[in-house]
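In the working numbering, the protein residues as written are 6 to 192. Where a beta carbon is used, it is the ideal one built from N, C-alpha and C, also for glycine. Nothing here was measured: the structure is a model prediction, and the numbers come from that model.
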Amino acid sequence: MINVQDIRKGMIYKMDGDLWTVMSMQHVTPGKGAAFVKVRARSHKTGNSKEINFRSGEKIEDIQVFEKDATYLYKEGEQYVFMDEETYEQYHVAPDLCEDVEKFVVLNGKVTLSIHDGNVLSVSAPNFVTLKVVKSEPGIKGDTATKATKSVELETGFEILVPLFINEDDVLKIDTRTAEYLERVKV
Numbered sequence: 006m007i008n009v010q011d012i013r014k015g016m017i018y019k020m021d022g023d024l025w026t027v028m029s030m031q032h033v034t035p036g037k038g039a040a041f042v043k044v045r046a047r048s049h050k051t052g053n054s055k056e057i058n059f060r061s062g063e064k065i066e067d068i069q070v071f072e073k074d075a076t077y078l079y080k081e082g083e084q085y086v087f088m089d090e091e092t093y094e095q096y097h098v099a100p101d102l103c104e105d106v107e108k109f110v111v112l113n114g115k116v117t118l119s120i121h122d123g124n125v126l127s128v129s130a131p132n133f134v135t136l137k138v139v140k141s142e143p144g145i146k147g148d149t150a151t152k153a154t155k156s157v158e159l160e161t162g163f164e165i166l167v168p169l170f171i172n173e174d175d176v177l178k179i180d181t182r183t184a185e186y187l188e189r190v191k192v
């Protein structure tokens, strides 16, 4: 059991037979009455989110979540298939847990799986990835003088804004947390 004052964003807890991921939390001390903790959480069963108020001092059930390194193997129908790098066990994961994978991870790319009781709760791409540009308007000499940007398509099909001097076949370092271009990588 964990005290509600110790809840943090990204934490997973169990309530009413369902697992919930904390999206945001706030300690509230009203002018009149007792303090409470306001939590916005997303259900793992339904995918819906709701706001829950916990009284100060209340306890909730914390769960053990294990992180495993895995490899993205392929997409089968609507499901994504990952392989545990240690045990070679395969996990079939629903697309709503794989938003980052679709944008930033190529086949055989590395990801981190969060697992509880054999079920995958989330799939995380690495913080930084290097991806090849497959579609871009050609750069023009002198374009590097301004901070103007253009949209390019990466090998995963994701489009991102980059400086004008980026061309097709360039390899870029991307921050997956912000979906921003960081630098061009020499290959």
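VAL138 is a Cβ neighbour of LEU159, given a cutoff of 8 Å. Distance from the CA atom of MET28 to the CA atom of ASP175, rounded to whole angstroms, is 36 Å. Under the rule that a run must span 3 or more residues, the beta strand (DSSP E) segments found entirely inside the region 77-135 read 84-89, 95-98, 115-121 and 124-129. The Cβ atoms of LYS64 and ILE7 lie closer than 8 Å to each other. If you draw a straight line from the Cα of GLY36 to the Cα of VAL106, it comes to about 45 Å. If you draw a straight line from the Cα of ALA130 to the Cα of LYS19, it comes to about 25 Å. Within the DSSP secondary-structure output, PRO168 pairs in a beta bridge with THR154.
It is roughly 43 Å from the alpha-carbon of SER54 to the alpha-carbon of VAL192. Judged by their CB atoms, TYR77 and ASN132 are not nearer to each other than the 8 Å cut-off. Going by C-alpha positions, HIS49 is about 44 Å away from PRO143. Cβ neighbours of THR26 within its own chain (closer than 8 Å, five residues either side excluded): GLY15, MET16, ILE17, ALA46, ARG47, HIS49, LEU126 and SER127.
The beta carbons of PHE109 and ILE179 sit about 7 Å from each other, so the pair counts as a contact at 8 Å. Looking at VAL70, GLU90, LEU187 and TYR96, the one whose alpha-carbon comes closest to that of GLU81 is TYR96. Across the set THR183, GLU173, ILE120 and GLY22, the C-alpha of ILE120 shows the shortest separation from the C-alpha of VAL70. With respect to LEU177, LEU136 sits close: the two C-beta atoms are nearer than 8 Å.
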